[in-house]
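For reference, each letter of the sequence shown is one residue, going 1 to 60 in the UniProt record's numbering. For reference, the structure is listed below as structure tokens.
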Amino acid sequence: MAVPKQKRSRSRTHHKRAKIYKAFSVPVSVCPNCGAPKLPHRVCLNCGHYGKKQIFEVAE
Numbered sequence: 001m002a003v004p005k006q007k008r009s010r011s012r013t014h015h016k017r018a019k020i021y022k023a024f025s026v027p028v029s030v031c032p033n034c035g036a037p038k039l040p041h042r043v044c045l046n047c048g049h050y051g052k053k054q055i056f057e058v059a060e
């Protein structure tokens with residue numbers, strides 16, 4: 001059975017683990033119609049547009 005030649009230090013282990021569990025930033029794009037921030041490839045919840053098409057009416 002394979003056995004490691006040397007012990008991995010705590011700092012090396014934590015450094016490797018930090019990359020695995022790294023928090024990633026959420027990509028945010030701008031709505032071309034109203035300029036509000038929105039998630040990419042999704043309908044804008046502020047104005048109801050997806051690209052240049054109106055998908056639903058927003059109650060004011």
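Ideal Cβ placement from N, Cα and C applies to all residues, glycine included.
Contacting residues, own chain, Cβ-Cβ under 8 angstroms from residue 106 (five flanking each side not counted): The question about residue 106 has no answer here: the residues shown for the chain are numbered 1 through 60.
Is the beta carbon of Pro40 sitting closer than 9 angstroms to the one on Val28? Yes, Cβ-Cβ distance for Pro40 and Val28 is below 9 angstroms.
Specify the secondary structure class of Ser9 as computed by DSSP and reduced to three states. Three-state result, Ser9: coil.
Straight-line CA distance for Ala18 to Gln54? The straight-line gap from Cα to Cα measures roughly 43 angstroms.
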